[in-house]
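Protein chains: 4
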Amino acid sequence: MASNARPEADPLVIFYLVVRRLSEALAAPLSDADATLQPNPEASPAKWHLAHISWFFETFVLRDHVPDYRLFDAAWPFLFNSYYDGEGERHARPRRGMLSRPTLDGILAYRRHVDSAMAAAIPGLPAAVRELVTLGLNHEQQHQELLLTDILAAFAENPLAPAYSTPKPQGRGDAPPLEWIEGRTGIVEIGASNEGFAFDAERPRHRTLLHPHALASRCVTNGEWIEFIADGGYRTCTLWLSDGWAWATGEAASAPLYWRRNEANWQRFGLDGVQPIEPAAPVTHISYYEADAYARWAGARLPTEFEWEAAAVHHDPSSGNQLDDAGAFAPRPAGAGGALRQMFGDVWEWTASAFLPYPGFVPAEGTVGEYNGKFMSGQMVLRGGSCATPRGHLRASYRNFFAPHHRWQFTGLRLARDG
Amino acid sequence: MASNARPEADPLVIFYLVVRRLSEALAAPLSDADATLQPNPEASPAKWHLAHISWFFETFVLRDHVPDYRLFDAAWPFLFNSYYDGEGERHARPRRGMLSRPTLDGILAYRRHVDSAMAAAIPGLPAAVRELVTLGLNHEQQHQELLLTDILAAFAENPLAPAYSTPKPQGRGDAPPLEWIEGRTGIVEIGASNEGFAFDAERPRHRTLLHPHALASRCVTNGEWIEFIADGGYRTCTLWLSDGWAWATGEAASAPLYWRRNEANWQRFGLDGVQPIEPAAPVTHISYYEADAYARWAGARLPTEFEWEAAAVHHDPSSGNQLDDAGAFAPRPAGAGGALRQMFGDVWEWTASAFLPYPGFVPAEGTVGEYNGKFMSGQMVLRGGSCATPRGHLRASYRNFFAPHHRWQFTGLRLARDG
Amino acid sequence: MASNARPEADPLVIFYLVVRRLSEALAAPLSDADATLQPNPEASPAKWHLAHISWFFETFVLRDHVPDYRLFDAAWPFLFNSYYDGEGERHARPRRGMLSRPTLDGILAYRRHVDSAMAAAIPGLPAAVRELVTLGLNHEQQHQELLLTDILAAFAENPLAPAYSTPKPQGRGDAPPLEWIEGRTGIVEIGASNEGFAFDAERPRHRTLLHPHALASRCVTNGEWIEFIADGGYRTCTLWLSDGWAWATGEAASAPLYWRRNEANWQRFGLDGVQPIEPAAPVTHISYYEADAYARWAGARLPTEFEWEAAAVHHDPSSGNQLDDAGAFAPRPAGAGGALRQMFGDVWEWTASAFLPYPGFVPAEGTVGEYNGKFMSGQMVLRGGSCATPRGHLRASYRNFFAPHHRWQFTGLRLARDG
Amino acid sequence: MASNARPEADPLVIFYLVVRRLSEALAAPLSDADATLQPNPEASPAKWHLAHISWFFETFVLRDHVPDYRLFDAAWPFLFNSYYDGEGERHARPRRGMLSRPTLDGILAYRRHVDSAMAAAIPGLPAAVRELVTLGLNHEQQHQELLLTDILAAFAENPLAPAYSTPKPQGRGDAPPLEWIEGRTGIVEIGASNEGFAFDAERPRHRTLLHPHALASRCVTNGEWIEFIADGGYRTCTLWLSDGWAWATGEAASAPLYWRRNEANWQRFGLDGVQPIEPAAPVTHISYYEADAYARWAGARLPTEFEWEAAAVHHDPSSGNQLDDAGAFAPRPAGAGGALRQMFGDVWEWTASAFLPYPGFVPAEGTVGEYNGKFMSGQMVLRGGSCATPRGHLRASYRNFFAPHHRWQFTGLRLARDG
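Chains as they are written, first to last, in numbering that gives the first Met the number 0: chain A, 0 to 418; chain B, 0 to 418; chain C, 0 to 418; chain D, 0 to 418.
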């Protein structure tokens, strides 16, 4: 890309600006105080998300590759580095909620400063740095989802139950009956090709061997989960992994996170406040342990991430124009996934696979190489993407991962069984 | 008091309004986000303080004694009850920092609603309820000090070290030399008389027997504390109580709270930001354990609360007009306390006395009876009052109390020795 | 004492041997494995007690004052120092239960080695060192009681409920009715005189001022405690100190330690195994928090340690011949204490007094000065002595102390009230 | 098997008795007190191991399948059930170290009682129950290894460093140079066949796809590990997984467990006491995190469990007569494993594989089905077997598993790399 191109003619600039604007739109309903809240050590304040994703560009692009760039504030990198040890000391993660300063307005000014420099610089950047920009935008998309899950976790702590957004009309009617769809068998190709953007953990593309199996045609629903509860699922230790039972008893877990009983009925707290449970919708806010126990109760199991990907690849939403989708949380096209429904954009689906490197995995070079590899222990893979995942961020090879007890993300499950 | 008196002619109304206005003035430098911060489970957000002290009036005066009073918001008592078990369930103390809502503006509106009802009601209240109002105002004064100590604790967590106020000019020159002032011996009267306001724990007034002793003419200074540090005070276990040594090693304590070393010099973080240590000023932000260890190092001991009160009573600042002083943090008159200096309004002085009931102690009736009595274990008495104590709140009989490891208050010490 | 005196003619040698033999007699029912158990970090294995009290003599008498004495094993002082920081590093207290070696037989050999050297040395020791010997013997008597309370705590962890001793015949009949006995008023002398042995914390003898009050004629009984339970005492938070309520709910406390319900009846586990509750006997194994809550429920309070001592002094069992009593746990003479019953040798009675230094307190010099002074925070005084206290160890000035949540000692209470 | 067969003619009886005798031989060097120690909640006392493995036979064979069998003691199953929820309540795992009673002699009597009944019963048991006996014997072999690792952990807590056994002569000379041995590629068969005994987690045998890779010809040595330490391996966070770094800093880990520095030299504590480090021997007592960090430092990785098994299967020691080997810890035949050395019986080798079910896994029916399946989360697979593994227990398909921070087992590593 020639450096004298008009920035607005560079598709990467446009992609950059679309992604960045979405972050700010997501924060728009929040006050400075809302955006300061950190509900637990694993979640971050909205302000911190907004600043951290700017710090990524400021550090790895502007500071390292743009001569004469001046840091917006030399004291801020200490605050907004997340976990890059290569970048030195940083503010303790569990104390991010103490940052009433900088203000939300100050952080928005930081964003404008970075955006202005980035828009000017992108057209002239060499290809390798443009790839860093793309990485940064995908990184920002991840934080867009976290911003939503984290503000939900924060508002859930407030007895006044504030709503982030207005409720959407609830779906009506029943979930379609669950069908078993035969999966692919034999050697399949798994992982992202070298074309286009993917995180390092999605590569290298490689072959794996699948055994006969079938996948459920849709996710487990709230209505089905209520049956599990009613059948004593949370009180039957033989349904649970040993760690899972310790977790469930330690937490006194008796329903998905954010569920509450109002006399005879179940309600849930969500971004739209307290609402009745919709029986036909996919269950969400469950831990891996709960997903695994449910599957055992149902006489089934969770799919491996490879079974899932092999089925999902034919319905990959990322085949479209990434730019158009960058900012949207559009509803899935009806019937997406053919006989398989709800593969993308409903809930993150827990799989039976631990998050481990693919054969031949090589982390990215330099500090950004800390991106995924160092988290490859103690976590399980989730596939698909949730209602809070930016649509342009969905793809069949995407490997999300969380610890098995985490459930503040929009996590659900799909059943599988041996064929 | 006749109910048709003009409210503004009732001194209690004036006292009420003066106290209430000070609380709001103290919060004026804070943003909504600042006022939401809870730095640790024992400190509370500024917003919470502002609301809680209004809840006290709303509950124990307006709800209970003013017909037709309507609660500002029926959901708020759950949020702003502190520890009155008699008032039912309440929001968990360590989660007060999750209350981005209500907003600071909302809480100020709550205050206006309560103030309007209180100003109208006070002149017509029976004497017993007027006493509750006075209790509530003294309660509010306590929270004024906590509001300051808690915002200091919150800002101390921010690497940007924001200042709440502008720095005052530092004192110059040396501290006066320490003199030993002989204390009163024999039977003395201790505790508040039945005239005027006092907390229940200050009564009944009773006789106690003092043995020969002397008190230091002034508090221990920062300069003296630096000598203690330099002499290895924090590393010499034989200077410490057993619990104190466990605390000091567990915390890796090596200086008062908020002190930091900047190369060769000590600095401290305070409401006025990071400032150099003033050697002649009283040391502050120390635990009882530190005070006790220092006294042992100095070949002295801490005074008992009775020795302290017997000496302080002749210089009691509360003999003046309480109303005039209600809102002021005026500098102490030069030479206050005669040969004894710095008895009131500099630092809370740790004493050698555990916080226990006086002979014949009777807690107040009803829920407000939970005020002090139930905290009479595991705490040590502090006397005097700090730079953050409203001047009208200082008196010789006042018994403040904190756990021996606490040091986020403006706590210091004065030496004593057997006579 | 001339150094050529026959050892057996020295009363201190005889006292020494009597005390030492009792320790071994107390350990006689225990196997090596029993004597290795440490049920919690605050209790110690029986073997450790037996060795530690020998280490005291070996270190402070033999090593320091007897030329040519050879340590039994140079590796053992590291194991059997308790908390004397002046004596250097030591084995971590919570890991004392890992010492299967040395064996119980090895430790008994250690005792014989020390005893032989001590018996030979005592007649020739200077007076100051003879006082150390006396201190060591009183120290050993304290550990005799701890040996019993700690093995009880250990056996209580075993579902097989092993008994240390055979049950004694239970008392019959009812407790005598509770009478209120007027206490002494005005200035009284408190503390041990300079005659005879006393721990440093019992001195100096000094005057204090008592206000009008009355003491219950006997301790609170098991039968009365069952009424407290039945009346919801453990579920009524307004009866409890704030710390006490946190303790009771955190522990789910609903009865004294070692009590268990067998269908409709209460039983208790004791040194004699599981036995029915004896209603007329003093309640024991209660925390300060429970004692305080009971007193509030009963409309009374706990006595101060000074009120207790002023009443007890006329019935002091230590006026007899200490030597005769050194080893005995003899029943109290009927009617001991006149109208006041059960003042000595039944249960340690919680008082309302924090464990703090007396006016003019001076710790002993040297490492043994760590004996009491450094524990003077966070603990409450208990008076009287229990069924597990060697009879020669009882005296009116004795100040026992434990943290307010401790209840593995034989702790009970006597009521008091303002007169 | 006809029920009138002479027991001694039944090979299963012989196998039973050989295994059982070895357990007792392993306990022979221990005193009752030694055998009572529980050094941490995850290790168990030797007495408990000896009793628990007898409880397994008493419960699942004698009680369930042998008419007229009488329990040795009806109170003991509560004590010696490990984790079988289907068998009801049980003694809390972290309190196993409180069982001074039953005595070691009592437990040996329990073993004789069970053995007598088992030897009489085995010949007449139906095939399915004979399989349970075989499972029980393999279970006992697992506990034989744990008995050794747990007594090592217990003795390591004792400052006297007692030795369980006499030291063996140390090896001399250098380790052979590390060679890279090409592994099998393509589809391979993994897992135990249906012939012979295997744990449920080793089945079903199934195909998997291996990518080109090479395995190190031998394990990483102590000498190599010392280089890793010297190169700052424990201080270089970029070598570590994120969880691993948190573990290493939290534990202040700076060497394998049981290593200690004696001035300039490394020593280790082992069953034979404190000994110098042998540079040519395989490193052991390392966590998965350490193994993973070492591999990264060495520019390599850990093998997957499938790569390991595909290479090991040609050298499987279980092809011999299981009976001969049941009790022996015989040295490995020289050159076992061909070019690959130290595949069996040196150290458990951490693999890169999470412990997850094989395709088509079905847990065993009934309570014994809790055997492995419920532990399939949060653990990593180890392969090979250690010096403490009974030789007859070694086989290529064996899947051991521990949490990634565990290192009290004899755990080491072998490097692998992509081919």
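The C-beta atom is built at its ideal place from N, Cα and C for all residues, glycine as well.
With a floor of 4 residues, list each alpha helix (DSSP H) that falls wholly inside the stretch 117–155 of chain D, ordered by position along the chain. For the stretch 117–155 of chain D, whole alpha helix (DSSP H) runs of length 4 or above, ordered along the chain, are 126–155.
Between B:A333 and chain A, is any beta-carbon pair separated by less than 9 Å? Here B:A333 scores only 41 on pLDDT, less than 50, and its place in the model should not be relied on; the value that follows carries that caveat. Not an interface residue.
Just by C-beta distance, which residues in the stretch 128–158 of chain B are closer than 7 Å to chain A? Flagged, chain order: A153, E156, N157 and P158.
How do the stretch 180–192 of chain D and the stretch 148–164 of chain D stand: do at least 3 beta-carbon pairs fall below 8 Å, yes or no? The answer is no - the stretch 148–164 of chain D does not touch the stretch 180–192 of chain D, with fewer than three Cβ pairs under 8 Å.
Looking at A:F409 and A:W349, is the spacing between their C-beta atoms short of 9 Å? A:W349 is not a Cβ neighbour of A:F409, given a cutoff of 9 Å.
Going by other Cβ atoms of all chains shown within 10 Å of its Cβ, with 16 needed for buried, is B:D271 buried or exposed? Flag for B:D271 reads exposed.
Identify each residue in the stretch 92–111 of chain A for which the Cβ-Cβ distance to at least one residue of chain B is less than 8 Å, and report them in chain order. Answer set for the stretch 92–111 of chain A: R94, G96, M97, L98, S99, R100, P101, T102 and L103.
Out of D:R204, D:A310 and D:W407, which one is the CA nearest neighbour of D:R382? Distance check between D:R382 and each of D:R204, D:A310 and D:W407 places D:A310 closest, using alpha-carbon atoms only.
Tell me the DSSP secondary structure of D:T237 in three-state form. Three-state DSSP puts D:T237 in a helix.
Beta strand (DSSP E) runs contained entirely in the stretch 237–287 of chain B, provided each spans 3 or more residues: Within the stretch 237–287 of chain B, the complete beta strand (DSSP E) runs of at least 3 residues are 258–261, 264–269 and 272–275.
Residue from B:Q378, B:L393 and B:A280 with nearest C-alpha to C:A402: Nearest option by C-alpha distance: B:Q378.
Consult DSSP for C:V346 and reduce its assignment to one of helix, strand or coil. Look at C:V346 here: in three-state DSSP terms it is coil, with no helix or strand label.
If distances are taken between C-alpha atoms only, which option among A:P278, A:F14 and A:Y288 comes closest to A:G172? The closest CA to that of A:G172, considering only A:P278, A:F14 and A:Y288, is found on A:P278.
Answer with buried or exposed for A:Q341, where buried requires no fewer than 16 other C-beta atoms within 10 angstroms of its C-beta. Classification of A:Q341: buried, given that the 10 Å Cβ count is 16 or more.
Excluding five sequence neighbours on each side, which residues of the same chain lie with their C-beta closer than 6 Å to the C-beta of D:L29? So the qualifying residues of the chain are A45.
At a CB distance below 7 Å, what residues from the stretch 18–39 of chain A approach chain B? Give them in sequence order. Listed by position, the residues of the stretch 18–39 of chain A near chain B (Cβ gap below 7 Å) are S30, D31, A32, D33, T35, L36 and P38.
Is the beta carbon of B:D199 less than 9 Å from the beta carbon of B:W296? Not in contact: B:D199 and B:W296 (Cβ atoms no closer than 9 Å).
Throw me the rounded Cβ distance for the A:L103 and A:D31 pair, which I believe falls under 8 Å. Cβ-Cβ separation between A:L103 and A:D31: approximately 4 Å, consistent with a contact (criterion under 8 Å).
Taking the straight line between their C-alpha atoms, what separation do you get for C:A247 and C:Y233? One C-alpha to the other measures close to 8 Å.
State the Cα-Cα distance for the pair A:F343 and D:T388, rounded to the nearest angstrom. Rounded to the nearest angstrom, the gap between the Cα atoms of A:F343 and D:T388 is 48 Å.
Pick from B:L355, B:I121, B:A34 and B:E289: whose alpha carbon is nearest that of B:F305? It is B:L355 whose Cα lies nearest to the Cα of B:F305.
Counting contacts by CB-CB distance shorter than 9 Å, is D:D84 in contact with chain A? True, the Cβ-Cβ gap to chain A drops below 9 Å.
Please state if the CB of D:H205 and the CB of D:P358 are separated by a distance shorter than 9 Å. The Cβ atoms of D:P358 and D:H205 lie closer than 9 Å to each other.
Could you tell me whether the Cβ of C:H51 comes closer than 9 Å to any Cβ of chain D? So no, C:H51 is outside the interface.
Can you pull the chain D residues whose beta carbon is under 8 Å from the beta carbon of C:F77, in chain order? Going along chain D in sequence order, the residues near C:F77 (Cβ under 8 Å) are P158.
Closer than 9 Å by beta-carbon distance: list the chain D residues that pair up with C:P161, in chain order. Under the 9 Å cutoff, chain D gives S99 and R100.
Would DSSP call A:R413 helix, strand or coil? When secondary structure is reduced to three states using DSSP, A:R413 falls in the coil class, being assigned neither helix nor strand.
Could you give the distance in angstroms between the alpha-carbon of B:W407 and the alpha-carbon of C:R260? Distance between the alpha carbons of B:W407 and C:R260: 46 Å.
For A:L25, which residues in the same chain have their Cβ closer than 7 Å to its Cβ, ignoring the five residues on either side in sequence? Within the same chain, A:L25 has close Cβ partners Q143, L146 and L147.
By a C-beta neighbour count over all protein chains shown, 10 Å radius and 16 as the cutoff for buried, is D:N320 buried or exposed? Caution is warranted here: a pLDDT of 40 is assigned to D:N320, below 50, making its placement in the model unreliable, and the coordinate value is therefore given only provisionally. Around the beta-carbon of D:N320, fewer than 16 other beta-carbon atoms lie within 10 Å, marking it exposed.
Other residues of its chain near D:L214: CB distance less than 7 Å, five sequence neighbours each side excluded: Once the five neighbours on either side are set aside, the close Cβ partners of D:L214 are I180, G182, P302, E306, A310, L339, R413 and A415.
If you draw a straight line from the alpha carbon of D:S2 to that of D:R129, how long is it in whole angstroms? Note that D:S2 scores a pLDDT of 48, beneath 50, so its modelled location is shaky; the value from the coordinates is reported in the next line. Answer to the nearest angstrom: the Cα atoms are 13 Å apart.
At what residue ranges does the stretch 53–119 of chain C contain a whole run of the alpha helix (DSSP H), taking only runs of 4 or more? Counting only runs of 4 or more, we get 75–79.
Can you give the Cα-Cα distance for B:G384 and B:N137, rounded to whole angstroms? C-alpha separation (whole angstroms): 14 Å.
What's the C-alpha gap between B:D114 and C:Y293? Rounded to whole angstroms, B:D114 and C:Y293 show a C-alpha spacing of 41 Å.
By DSSP's criteria, C:W179 is part of a beta bridge. Which residues make up the other side? In the DSSP output, where bridge partners are listed per residue, C:W179 has C:A215.
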